[in-house]
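Okay, structure first, notes after.
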Amino acid sequence: MWAVLTLVGSTYANDLTEGFVTDTPKVQSMSQLTFGPQGILFVGDSKGAAVFAIQVEEGKKSANDQRFSLRNVESKIADLLGASASDILIHDMVVSPQQNVYLAVSRGRAKVKTYNLWPNYVDDANILLKITPQGKIEEVSLKNVKYAQIELPNPVAADKKDRRGRSLRSDVITDLAYANGMVYVAGLSNEEFASTFRKIPFPFKNKVSASTLEIYHGAHGRYETKSPIRAFVPYKLNGKPHILASYTCTPLVTIPEDKIEPGKHVKGRTIAELGAGNMPLDMIVVNKNGQDYILMANTTRNVMKIAIKDIENTKANLSTRTKIRYGSEGVNYVSVPRLVQQMAVLNSKYILMLMRMPDGSLALSSMPIRRI
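The following block contains the structure:
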């Protein structure tokens, strides 16, 4: 992935928190999390239609290369919060440079009435937890912290619903990433073409670039402008910055980053159809033996591994195809036999996976990168 900042000795060339205030940020829903440099945690707030930059850590990046695991995560969180394990819903997971695990959590699992337990159906994640490398779970207080925030213009209206009667407000922010001094935000706006991708320079200066998106989705046999990106990573393909993105029913799309400009309508290139009846939950980049790979977690499929070189070299363009009902076409992937909800690079040797175990419990488990 892209370098995020140039280092001078053991400190950053610029203090990115210089314009922060010390107060209590009014975060309404912790929809998505991602880390930037200097211990800054970015929190995407769908309900409040805002992105917060909160300094939650200080200090150097950890050189630890050990594995980490924690069993019965929901039960341990429930004990901490005085709730039932059946009510606990984890919306997102990230690992800090110091290898602390941060979780956005709600007590809203019981509100999900469909068989698909998708966190974005629930928009009230209001608890931030930290799990230390020693396995200690603690709630992170956001009182009197250093932070900055920026509002997202023209979000989908709070009362807007989809054809099944579900609120679309929870999809204002469906994924979030930081790279090369930029915060990237996928989600829905109130435009006619609702699927929107935003770029926000950081530190925040009240400048948000937004483009509406259009893709061809083979599983549905049509062009789509209302379905948002569900998972993405910024990455340089053949030396040029791109957004690698996936949507519900799992089309995989590339979008040139320089096409995303204020007010522009952008068409992505569909390079793979990876299966109907599935939704991507998380996407990360890992390096194995000098080669980069995409790993993608899914609701109803194993983790998928896709080589970046295959994406760069593919001639596949499914953007004008007829309907592709089931199965997969386009860029090939390898199925990694894990049913995973969230993933993050833990350190140079391990990936951390939040996964449902055969006994029904939820666990944090490390997987060696050499085994992917």
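One point on numbering: in this note's numbering, the residue at position 326 of the sequence shown is 340, and numbering is uninterrupted.
Glycine residues also receive a C-beta, built at the ideal position from the N, C-alpha and C atoms.
Nothing here was measured: the structure is a model prediction, and the numbers come from that model.
Residue i versus residue j - alpha carbon distance
i       : j       : result
Thr-283 : Gly-149 : The identity of residue 283 in the sequence shown is Arg, whereas the question assumes Thr. The alpha-carbon atoms of Arg-283 and Gly-149 are separated by roughly 42 Å.
Thr-146 : Tyr-116 : 9 Å
Leu-353 : Ala-208 : 30 Å
Gly-232 : Met-107 : 30 Å
Ile-102 : Asp-176 : 25 Å
Glu-228 : Ile-257 : 14 Å
Gln-80  : Tyr-307 : 21 Å
Pro-169 : Glu-287 : 29 Å
Ala-290 : Thr-313 : 11 Å
Tyr-237 : Tyr-230 : 4 Å
Asp-189 : Ser-60  : 10 Å
Glu-326 : Gly-253 : 10 Å
Thr-268 : Tyr-261 : 12 Å
Gly-195 : Phe-216 : 5 Å
Leu-360 : Ser-380 : 8 Å
Gly-277 : Leu-202 : 14 Å
Glu-165 : Gln-356 : 26 Å
Lys-302 : Leu-368 : 21 Å
Gly-33  : Ala-162 : 7 Å
Val-57  : Ala-245 : 16 Å
Arg-121 : Val-222 : 32 Å
Ser-3   : Cys-263 : Lying before the first or after the last residue shown, residue 3 is absent from the chain, which here runs from 15 to 386.
Thr-210 : Lys-363 : 35 Å
Ile-320 : Asn-158 : 43 Å
Delimiting residues of the alpha helix (DSSP H) encompassing residue i
i       : result
Ile-322 : 322–327
Leu-166 : It is not in any alpha helix (DSSP H) - Leu-166 carries neither H nor E in the DSSP assignment.
Glu-88  : 87–95
Host beta strand (DSSP E) of residue i (start-end)
i       : result
Ile-141 : 141–145
Val-348 : 348–350
Ala-358 : 354–359
Ile-257 : 254–260
Pro-372 : Per DSSP, Pro-372 belongs to no beta strand (DSSP E) and is neither H nor E.
Arg-283 : 283–287
Thr-264 : Unbroken run through Thr-264: none, as it is neither H nor E.
Ser-387 : This structure does not reach residue 387, given that the chain is present from 15 up to 386, and the question cannot be answered.
Gln-305 : 305–312
Ser-400 : Nothing can be reported for residue 400: it is not among the residues displayed for the chain, which extend from 15 to 386.
Asp-296 : 294–302
Phe-246 : 245–251
Glu-153 : 151–153
Asp-37  : 35–37
Cβ-based burial, residue i [other Cβ within 10 Å; buried from 16]
i       : result
Pro-351 : exposed
Ser-24  : Here the model assigns Ser-24 a pLDDT of 36, short of 50, so the residue's position is not dependable and the matter cannot be decided.
Trp-16  : Its pLDDT being 38, under 50, Trp-16 is placed unreliably in this model, and the coordinates cannot settle the point.
Tyr-192 : buried
Pro-248 : buried
Glu-88  : buried
Glu-271 : buried
Val-345 : buried
Glu-172 : The sequence given here has Ala at residue 172, not Glu. Classification of Ala-172: exposed, given that the 10 Å Cβ count is below 16.
Lys-213 : buried
Arg-385 : exposed
Pro-265 : buried
Ser-110 : buried
Ala-77  : exposed
Thr-334 : exposed
Asp-29  : exposed
Met-371 : exposed
Leu-21  : Bear in mind that a pLDDT of 34 at Leu-21, under 50, signals an unreliable position, so the number given afterwards is only what the model happens to contain. Leu-21 should be labelled exposed.
key: Cβ contact (3+ pairs, closer than 8 Å) linking the region 84–94 and the region 179–188   = no
Sequence ranges, beta strand (DSSP E) only - wholly within the region 160–238, length at least 3: 189–193, 196–202, 209–215, 223–231, 236–238
contact_flag[the region 52–65, the region 330–344] where n(CB pairs < 8 Å) is 3 or more: no
Check: Counting only runs that start and end within the region 41–110, where is the beta strand (DSSP E) found for 3 or more residues in a row?
Finding: 46–49, 54–59, 64–69, 103–109
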